[in-house]
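Notes for the one structure printed next.
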Amino acid sequence: MNNNSNEPIVQAKNLSFKYAKDLVLENITLDVPKGAFLAIVGPNGSGKSTLLKLFLGLNKLQKGSITLFGESIQSFKDWQKVGFVSQKANSFNTGFPATVFEVVESGLTKKIGLFKFVTKEHKQKVKKALEAVDMLNFQHRSIGELSGGQQQRVFIARSLVSEPVLMILDEPTVGVDSKNVHQFYEMLEMMNKQLGITLILVTHDVSTVSDKVTHVACLNKNLHFHGDAHEYNQLTEEELSEVYGHDIKLLSHNHE
Numbered sequence: 001m002n003n004n005s006n007e008p009i010v011q012a013k014n015l016s017f018k019y020a021k022d023l024v025l026e027n028i029t030l031d032v033p034k035g036a037f038l039a040i041v042g043p044n045g046s047g048k049s050t051l052l053k054l055f056l057g058l059n060k061l062q063k064g065s066i067t068l069f070g071e072s073i074q075s076f077k078d079w080q081k082v083g084f085v086s087q088k089a090n091s092f093n094t095g096f097p098a099t100v101f102e103v104v105e106s107g108l109t110k111k112i113g114l115f116k117f118v119t120k121e122h123k124q125k126v127k128k129a130l131e132a133v134d135m136l137n138f139q140h141r142s143i144g145e146l147s148g149g150q151q152q153r154v155f156i157a158r159s160l161v162s163e164p165v166l167m168i169l170d171e172p173t174v175g176v177d178s179k180n181v182h183q184f185y186e187m188l189e190m191m192n193k194q195l196g197i198t199l200i201l202v203t204h205d206v207s208t209v210s211d212k213v214t215h216v217a218c219l220n221k222n223l224h225f226h227g228d229a230h231e232y233n234q235l236t237e238e239e240l241s242e243v244y245g246h247d248i249k250l251l252s253h254n255h256e
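For the sequence shown, position 44 (counting from the first letter as 1) is numbered 44 according to my numbering, and the numbering increases by one without interruption.
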């Protein structure tokens, strides 16, 4: 394994992917540096979730290559370095009989084994993860009693508890009340800047998050833009409309 500290955490080269005859991704080349906060944006059906599934090894490579931490994804085994948060809160079973603490603790299963004893140190890790997402005061509450935004914070804590180096989030604000979305992204920014976690975020909230992220990738089957957030914020509405295939004002892009 290559341990060069300058090596991108994720590196995709010439990626193409199709479902049956439907080409979803075409010739994607993308680097995610260590410490980056990358937002992947694009219209529905643009291939964003497919790209994440390739990064997570859930979709099998068809054409091109992916390396994680300098190692080919086909041989990569150290998955505890990678956290994943999906759109769970939007469809979570509110009758699920578990406390917030228990849900987060379940994120340690890979690290300690399914039937191993949970130590005092493990419990401290759970509390630390809950503290990071401002949910420690809810540790004894049932997960089903929480709002969508609170549940999603708990799922992030569940991913955080195994101390990942990279966290991948697929539209995590889908179940979050609009007034809490800004706070949610501030939490992600803190995780990136203070905890040093590299983040890859698929989002539709491009105007809300553009001042929090370090890099932006605009995806619509092809990669139409990939650069730092400052460059992205200088793009005109006409340039962005070419990427999205419709009037970009629908996304309330922030040019400030």
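All residues carry an ideal CB built from backbone N, CA and C; glycine is no exception.
Computed from a predicted model, the values in this text were never measured in an experiment.
Within 8 Å, strictly: CB atoms of residue i and residue j
{"i": "Thr50", "j": "Phe17", "result": "yes"}
{"i": "Thr257", "j": "Val181", "result": "In the structure as shown, the chain starts at 1 and stops at 256, and residue 257 therefore has no counterpart that could be examined."}
{"i": "Asp31", "j": "Pro8", "result": "yes"}
{"i": "Leu101", "j": "Gln139", "result": "As written in the sequence, residue 101 is Phe, which differs from the Leu given in the question. The answer is yes: Cβ separation under 8 Å."}
{"i": "Leu15", "j": "His215", "result": "no"}
{"i": "Val202", "j": "Leu52", "result": "yes"}
{"i": "Gly107", "j": "Met167", "result": "no"}
{"i": "Gly47", "j": "Leu61", "result": "no"}
Local Cβ density within 10 Å of residue i, reported as buried at 16 or more and exposed below that
{"i": "Ala157", "result": "buried"}
{"i": "Tyr232", "result": "buried"}
{"i": "Asp205", "result": "buried"}
{"i": "Leu54", "result": "buried"}
{"i": "Thr173", "result": "buried"}
{"i": "Ala217", "result": "buried"}
{"i": "Ala20", "result": "exposed"}
{"i": "Gly196", "result": "exposed"}
Residue i: first and last residue of the uninterrupted alpha helix (DSSP H) it sits in
{"i": "His182", "result": "181 to 193"}
{"i": "Ser126", "result": "At residue 126 the sequence reads Val, which differs from the Ser that was named. Residues 120 to 132."}
{"i": "Val206", "result": "206 to 209"}
In DSSP terms, what residue i is bridged to
{"i": "Leu166", "result": "Val82, Thr198"}
{"i": "Gly227", "result": "Val216"}
{"i": "Asn222", "result": "Asn220"}
{"i": "Ser147", "result": "Per DSSP, none; premise fails for Ser147."}
{"i": "Ile28", "result": "Leu15"}
{"i": "Leu260", "result": "No answer is possible for residue 260: it lies beyond the span of the chain, which begins at 1 and ends at 256."}
First through last residue of the beta strand (DSSP E) which encompasses residue i
{"i": "Leu15", "result": "10 to 19"}
Contained beta strand (DSSP E) runs [length at least 3] in the region 32 to 109, N- to C-terminal order
37 to 41, 63 to 68, 82 to 85
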